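J.:
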Amino acid sequence: MPDNRGRLLATLSCVLLAVAGCGSSGDADKPLGEAAAERGAVEPTTPAEIGPEPVHRVDCAGRIQAVAAPTDTYTVVLGDVAFETSRKLQATDGGGTDAPHPWFAKTGLLVRDGAAVDILVEGKDADHAAVGWGNGASGGAQSVRVPGCAGDGAETPWTVFPGGYWVDQPRCVTVTVRVRGEQTRVRVPVGADC
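For the record, in the sequence shown the residue sitting at position 148 is 268 according to the numbering used here, with numbers rising by one throughout.
1. DSSP state of Lys208, grouped into three classes?
2. Which residue or residues does DSSP assign as beta-bridge partners of Arg177?
3. Kindly list the residues whose CB is nearer than 6 Å to the CB of Lys226, restricted to its own chain and excluding five residues on each side of it in sequence; keep chain order.
4. I'd like to know whether the C-beta atoms of Thr279 and Val231 end up nearer to each other than 7 Å.
5. If Asp179 sits next to Gly268, beta carbons under 8 Å apart, how far is it from one beta carbon to the other, in whole angstroms?
6. By DSSP, does Gly252 sit in helix, in strand, or in coil?
7. Is the beta carbon of His176 closer than 7 Å to that of Ala261?
8. By alpha-carbon positions, which one of Gly301, Val293, Asp313, Asp272 ends up nearest to Ala188?
9. Please confirm whether Lys208 and Pro309 have their CB atoms less than 7 Å apart.
10. With a 10 Å radius around its C-beta and 16 neighbouring C-beta atoms as the bar for buried, classify Ile184 as buried or exposed.
11. For the beta strand (DSSP E) that Ala302 lies in, which residues bound it at each end?
12. Among Val201, Asp233, His221, Val306, which residue has its Cα nearest to the Cα of Ala181?
13. Using beta-carbon positions only, say whether Val197 and Val306 come within less than 7 Å of one another.
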């Protein structure tokens, strides 16, 4: 009997220690997006939603270079696209009072060769921001599609497109990114901190 009682106490002790280690980190009571936003610029991945066709289609010929990897100022999202999120982008007022988004922040978009990517400005930012990369991106659009562009080869598997963000005033812009049936949201500091 003493052996069984000792085993029972040992088992109970292990169970109690395991349960105690599973306590809340403080994020359990927060909405998913809020907790993710506090941890960084990229939210958790979810299955992509079916939406309307993006307004602006990037021409693969509009790329400016191919690189081996994104620099450390970029955040790779869903393995196939990289956004500059680690620093506040410089936004310049174009002075156009008639333009809905007179401020512009220039930054390249890096896309892994062969990956088709959709980038959308939605929700609270839809009336305040636009995005665009490649030729013909002036003024931006609410959504952009980069088709699966062929690259230069294995040594430079990332294609760089010129462009950036247009905003009504400096702000943190959240874009939805869709790649290979998955999506996430990325917060980009366009002339203002996120």
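All residues carry an ideal CB built from backbone N, CA and C; glycine is no exception.
Predicted model, so just to flag it, every value in this text is computed and none were measured.
T.: On the basis of the supplied data:
1. Coil at Lys208, not helix or strand.
2. Arg265
3. Answer for Lys226: Gly284, listed in chain order.
4. yes
5. About 13 Å; that fails the 8 Å criterion.
6. strand
7. yes
8. Asp272
9. It is a contact, given that the beta carbons lie within the stated cut-off.
10. exposed
11. This sequence places Glu at residue 302; Ala is not what is there. Run containing Glu302: 302-310, per the beta strand (DSSP E) assignment.
12. That would be Asp233, whose Cα lies nearest to the Cα of Ala181.
13. yes
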